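J.:
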Amino acid sequence: MARSDVAASVVLYKPDSAQIERVRRLAAMFPVVVVADNSEPQLEPIDGLEWVAMGENKGVAAGLNACAKRASELGYKWLLTLDQDTELEPADWSGYLAAFNAFGDKANTAVIAPRFNLQDPLEPGDGPVRDLEIVMTSANLLNLEVWKKMGGFTEELFIDEVDHEFCLRCRLAGHRVVRLIDAHIAHRPGKVLTVMTRRGAIALDWEPPNRLYYIARNYWFVKRRFGKEFPGVIASRRGLLLAKFREWLRYHPSDIAGAYQLIRGTLHGVLGRFGR
């Protein structure tokens with residue numbers, strides 16, 4: 115498969131100048147770059163990019179669906195889904211594309227993911243492809259035929275667990291989710307908070323209170339739908355949620371907003387209240 119057969123996409127939300135520049139550079143690497151702008155207020159469209167103005171912040175799932183729909187309308191079968199923090203180097207994309215071309219089961223595969231920063235350790239028995247249950251959205255190759263068949267991403271989740279829910283739904287339908295061991299992409303972590311402890315400085319992933327709401331709430335959505343079929347995944351996501359509670363209590367005890375949103379998200383998740 116040639117470079118010209120794969121479109122790229124980015125969902126933007128209030129990007130900074132460096133993130134905008136990274137998106138601009140993609141235009142030299144792909145025949146089409148589809149951008150879904152969730153920003154409020156809306157950004158000025160960038161020349162050379164296929165621009166989809168969402169009108170307001172409709173969430174990651176809606177942005178991904180808008181990008182996939184436009185790429186499909188333009189005749190593309192595969193879409194590389196990038197987030198605004200991902201910096202894709204031409205050499206990395208060449209290696210990724212070579213690994214993608216060598217993979218033979220494309221038609222039955224919903225999502226193809228790379229290794230990030232070479233930090234994903236090899237496992238005993240690893241060959242060129244590792245089957246997985248879930249992967250995060252960033253730098254994935256999305257099979258647009260499968261996306262269409264599955265009804266797209268679930269927009270009522272808005273942001274967190276969007277990628278995982280889609281993967282699990284595809285797995286239940288008999289499609290593969292895989293990682294290409296020879297495909298390597300650099301991924302920038304989100305905002306990191308450094309905290310001083312008795313053992314020295316530690317770095318924690320930092321999320322604003324409203325993001326904590328979606329993390330807590332959407333865990334229950336995924337648990338309710340997939341708990342029986344994928345108990346290991348649910349246990350892992352539960353561990354993450356409990357870690358967020360412990361982290362907030364230990365390092366942010368005076369931040370009432372964060373604790374409130376974690377509790378509020380849990381309550382809404384248990385009650386089945388979803389959407390924005």
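Mapping of the sequence shown onto the numbering used here: position 89 corresponds to residue 203, and the numbering continues sequentially without gaps.
Cβ atoms here follow ideal geometry from the backbone N, Cα and C, with glycine treated the same way.
These numbers were taken from a predicted model, which means no experiment stands behind them.
Quick test of the definition: if touching needs 3 or more C-beta pairs under 8 Å, does the stretch 329 to 346 touch the stretch 372 to 379?
T.: yes
J.: Tell whether a beta-carbon distance below 8 Å holds between Met-168 and Ala-175.
T.: Annotated as distal: Met-168 and Ala-175, with beta-carbon spacing of 8 Å or more.
J.: Roughly how many angstroms lie between the CA atoms of Val-124 and Leu-385, to the nearest whole one?
T.: 32 Å
J.: With Phe-340 as the anchor, note down where its alpha helix (DSSP H) starts and where it stops.
T.: In the DSSP annotation of this structure, the continuous segment of the alpha helix (DSSP H) that includes Phe-340 starts and ends at 323 to 340.
J.: What residues in its chain sit with their C-beta under 6 Å from that of Trp-261, if we drop five residues either side in the sequence?
T.: Spatial neighbours of Trp-261 in its own chain (CB-CB distance under 6 Å, excluding positions within 5 residues in sequence) are listed in chain order as Ala-182.
J.: Just tell me which of Ala-221, Asp-130, Val-149 and Phe-344 has its CA closest to the CA of Ala-121.
T.: Just measuring C-alpha positions, the residue of Ala-221, Asp-130, Val-149 and Phe-344 sitting nearest Ala-121 is Val-149.
J.: Contact defined as beta carbons within less than 8 Å: I believe Gly-353 pairs with Trp-362. What is the distance between those atoms, to the nearest angstrom?
T.: Between Trp-362 and Gly-353 the Cβ distance is about 15 Å, and since that is not below 8 Å, they are no contact.
J.: Specify whether the stretch 343 to 359 and the stretch 288 to 302 touch according to this definition: at least 3 beta carbon pairs, one from each stretch, less than 8 Å apart.
T.: no
J.: Unbroken alpha helix (DSSP H) runs of length 4 or more, entirely within the stretch 220 to 301: which are they?
T.: Taken in chain order, the complete alpha helix (DSSP H) segments of 4 residues or longer contained in the stretch 220 to 301 are 258 to 263 and 276 to 286.
J.: Using a Cβ cut-off of 8 Å (strictly closer), state whether His-298 contacts chain C.
T.: No chain C appears in the structure shown, which is made up of a single protein chain.
J.: Use the C-beta contact count for Arg-184: other C-beta atoms within 10 angstroms, 16 or more gives buried, fewer gives exposed.
T.: buried
J.: Please return the same chain residues whose Cβ sits closer than 7 Å to the Cβ of Leu-271, not counting the five positions on each side in sequence.
T.: Counting only Cβ-Cβ distances below 7 Å, and skipping sequence neighbours, we find Ala-175, Glu-279, Asn-332, Phe-335 and Phe-388.
J.: Could you tell me which uninterrupted alpha helix (DSSP H) segments, each at least 4 residues in length, are contained entirely in the stretch 142 to 203, listed from first to last along the chain?
T.: For the alpha helix (DSSP H) assignment, the uninterrupted runs of no fewer than 4 residues enclosed by the stretch 142 to 203 are, from N- to C-terminal side, 173 to 187.
J.: Roughly how many angstroms separate the alpha carbons of Leu-126 and Val-292, rounded to a whole number?
T.: Distance between Leu-126 and Val-292, taken at the CA atoms: about 26 Å.
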